[in-house]
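Take 44 as the starting number for the first sequence in the working numbering and just add one per residue.
Using N, Cα and C, we set each Cβ at its ideal position, and we do this for glycine too.
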Amino acid sequence: MAEYAEEPSSEPLYVLRHSTAHVLAAAVCQLHPGTKYAIGPPIENGFYYDFELPEPIGESDLRPIEKKMAEIIRKRLPFVQVKLPRAQAIELFKELGQTYKLEILEAEAKDDEVISTYQTGDLFVDLCRGPHVRDSGDIHAFKLMRLAGAYWRGDEHNKMLTRIYGTAWPTREELDQYLHDLAEAEKRDHKRLGRELKLFAFDERTGAGLPLWLPAGATVRREIERWIVDEEVQRGYQHVRTPDVARLDLYKKSGHWDRYHDSMYPPMRFEESGEVLELRPMNCPHHILVYQTELRSYRDLPLRIAEIGNNWRFEKSGELSGMNRVRAFALNDAHIFCTPEQLEQEVRGSLELAMYFSEVLGVDEYWYRLSVRDDTKAKWIGGEAEWSAAQAALAGALASLDQVYRLGPGEAAFYGPKIDFQVRDAMHREFTNSTVQVDFQLPELFDLEYVAEDGGRRRPVMVHRGAAGAMERLFAYLIERYAGAFPTWLAPTQVVVIPITDAHLPFAAEVAARLKRSRIRVDLDDSQERMNKKIREAQARKVPYMAIVGDREREAGEVSVRDRAGAQTAEPLEDFAQRVALEIAERRR
RNA sequence: GCCGACGUAGCUCAGUUGGCAGAGCAGCCGCCUCGUAAGUGGCAGGUCGCGAGUUCGAAUCUCGCCGUCGGCUCCA
């Protein structure tokens, strides 16, 4: 997301949106005298502007603001750049009572710097590098979208300002297209499809952020999990099962309680015994305990402990979002214990596995974020040398795979840097799916050791990795990626058998039985409905194949196959069963 | 948690200025036996999210909770 530190850009769309933000601010100041304006950058698809308003406003106030903006646009007010010495700029914004602009000037401008301001006619003046369109008449198509609160400088300890989001386009047609695309994206929304396809449900009686996986959704998940575990075992991972709770002390020792107790479930305290148990927010401490069940030799390393582990995090209510952000989730987790020499190779192996999972599942639009520390010292533990060794291993592994990445300063885990696989949902919001993290700190905290060749004790390094991420978030992604039309191997129902009339039910049952023998998930639609209705319903459920049978098929031992794209073929039942089974076995997309 | 919006039948939504709660789809019971996206008739279904308050009277107004959505913050 764009910030005030954002480099100015002369890209035309960027300029247009930035200029529209100025017009928005001008309109708001006209309608709400006494408004202080903070920052108003262009962003992907639009712009926003943050205000401190003299009185609270609601969404019904947006319409009048749009009208005022249209008025300003009709006046064709020129955008004029005025350069001022810093002292004079400070004087100007002081007179205007624009304290946020003063704060920016004082924090970011050097004493001798010439300050750029932009005037919109005589209505509005902003601290701004520009560039801008020539005059407000160059703005042809915009719309205010919504209202939101946003903390000044993105810090929740600061005052919350009122943010107005808008969108702007060169032409009316492009604006309409954008709005149309938004509506289309909403149809792919996993929350909507989750309900329509009966994949999962939320019920306030279980509590916020606690999904119920319905039979169809649980089927997709089971297929993914079976395959994941199988692949990992194949690659030398050792799958374990560890409990969802542990003594609170375990998380105190790991440092998690200290840092994250606000978003951990409250400890369960038992009066009689004095025991204090805690729902686990992640799996690493348990896997460390697995490591410590034996004295480990260098010959055991790398030791890859894996589990699809349930994690419990009490996310703030406003942070919950469908399946993307829940309070209970299952992570495709593993912790690799290795020597420093093995580190880069293990990172590389983890990346390759995550890439492979992504490819087979169809997570095909992602990029790598190398998440590193920033200079907020208190957030990170461990020494400089370890952090740079960790970062070198991560960057080295990416380089060895010829992958480019973007840096994410301040996005590291508290114990070390990581590579995050970043994806976008249907509404273009960014999420982390897979992750590979290097950790020198937990081995230290838990005093992990292995016996080296020379008989001495050494400290292993840990790689934390979620190759497919959390089942919930992955599912949300896949639902949106496929708009609910899963590849056949994942589809909850793979074939619906549809008899043309009740007279064909016995043969339809035979067809279903034959398909089931090949472990194909098949439904026989024996409802009292017409064939057309049954086709319509199978289509709505996005079932990959319909096997439609009547007299002709019964006589020939065939099925009439209609796929969900609408293509039709007639083929022997045996051929159909085999080709679907093959498609499933190959996990074809 | 904070800002804004929202919560009416299983789902999607109507419900005038406060005056007897509606439709379509889904469900159930019939009839129809049909060749590639909705055959047809009937029946049933609602503490209007929950709890207070205002009022002769509240789905509608006020307040507090719960939940959902969009942002902000957070994301081990």
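Who are the near neighbours of residue i in its chain, counting only those whose CB is closer than 8 Å to its CB and skipping five residues on each side?
i      : result
Glu2   : Coverage of the chain is limited to positions 44 through 632, which leaves residue 2 absent and any answer about it impossible.
Asp468 : His233, Asn367, Phe474, Ala519, Tyr520 and Glu523
Glu49  : Confidence at Glu49 is low in this model, with a pLDDT of 44, below 50, so its placement is unreliable and no value can be given for it.
Ser561 : Ala620, Gln621, Val623 and Ala624
Ser306 : Pro324, Arg356, Phe357, Glu358 and Lys359
Gln335 : Phe489 and Leu491
Out of the options, point me to the one whose CA is closest to residue i's CA.
i      : options                           : result
Lys585 : Arg215, Lys241, Ile147 and Ala113 : Lys241
Ala64  : Gln141, Val168, Glu146 and Ala130 : Val168
Glu446 : Tyr409, Thr205, Ala132 and Leu558 : The displayed chain sequence assigns Gln, not Glu, to residue 446. Comparing Cα-Cα distances from Gln446 to each of Tyr409, Thr205, Ala132 and Leu558, the minimum goes to Tyr409.
Pro213 : Asp569, Asp301 and Pro55          : Pro55
Pro107 : Pro486, Leu127 and Val71          : Val71
Gln484 : Gln465, Gln537 and Glu427         : Glu427
Arg595 : Glu572, Ala583, Arg472 and Thr544 : Thr544
Pro121 : Ala69, Thr536 and Tyr399          : Ala69
Arg391 : Thr382, Ala226 and Leu441         : Leu441
Leu396 : Gln385, Phe464, Asp417 and Arg370 : Phe464
Ile563 : Glu337, Val539 and Ala583         : Val539
Gln162 : Arg119, Phe313, Leu293 and Asn353 : Arg119
Ile541 : Asp246, Gly453 and Arg597         : Arg597
Leu145 : Ile82, Leu291, Glu321 and Ala610  : Ile82
Lys153 : Leu170, Arg129, Thr142 and Leu166 : Arg129
Arg449 : Leu437, Leu253 and Ile207         : Leu437
If I measure Cβ to Cβ from residue i and keep anything under 6 Å in the same chain, skipping five residues before and after, which residues do I get?
i      : result
Trp331 : Residue identity check: residue 331 is Ile in the sequence provided, not Trp. If we look at Ile331 and ignore the five residues flanking it on each side, its Cβ neighbours are Phe489.
Arg339 : Tyr493
Gly451 : Arg412 and Ser414
Thr262 : Pro535
Arg500 : Glu492
Glu429 : Phe483
Ala193 : Asp93, Leu204 and Arg206
Classify residue i: buried if its beta carbon has 16 or more other beta carbons within 10 angstroms, exposed otherwise.
i      : result
Pro97  : exposed
Lys577 : buried
Leu187 : buried
Met470 : exposed
Thr419 : exposed
Val125 : exposed
His223 : exposed
Ser103 : exposed
Arg189 : exposed
Gln131 : exposed
Met44  : Because the pLDDT at Met44 is just 27, under 50, the model does not fix this residue reliably, and the value given afterwards should be weighed accordingly. So Met44 counts as exposed.
Gln277 : exposed
Ser581 : Note on identity: in this sequence residue 581 is Ala, with Ser being the wrong assignment. By the 10 Å Cβ count, Ala581 comes out buried.
Gly260 : buried
Phe243 : buried
Met311 : exposed
Arg573 : exposed
Specify the secondary structure class of residue i as computed by DSSP and reduced to three states.
i      : result
Ser62  : helix
Gln131 : helix
Asp165 : coil
Cys42  : One cannot answer for residue 42 here, as it falls past the ends of the chain, which runs 44 to 632.
Val283 : coil
Glu429 : helix
Arg560 : helix
Ile543 : coil
Val369 : coil
Phe90  : strand
Asp594 : helix
Leu625 : helix
Glu49  : Low confidence applies to Glu49: its pLDDT is 44, below 50, so where it sits in the model is not reliable enough to give any reading.
Pro549 : helix
Pro99  : coil
Thr262 : helix
Tyr520 : helix
Asn326 : coil
Pro345 : coil
Met44  : Low confidence applies here, because Met44 scores a pLDDT of 27, under 50, leaving its location unreliable and the question unanswered by this model.
With a CB to CB cut of under 7 Å and the five nearest residues on each side skipped, what residues in its chain are close to residue i?
i      : result
Glu601 : Ala613, Glu614, Pro615 and Leu616
His507 : Cys327, His378, Gln480 and Asp482
Val58  : Pro174, His175 and Val176
Glu496 : Tyr341
Gly509 : Leu374, Asn375, Asp376, Ser477 and Thr478
Ile116 : Val66, Ser179, Gly180 and Ile182
| request: Give a yes or no on contact between the region 342–351 and the region 274–292, applying the rule of three or more CB pairs nearer than 8 Å. | output: yes
| query | Is the number of C-beta pairs between the region 216–231 and the region 149–167 that are closer than 8 Å three or more? | reply | no
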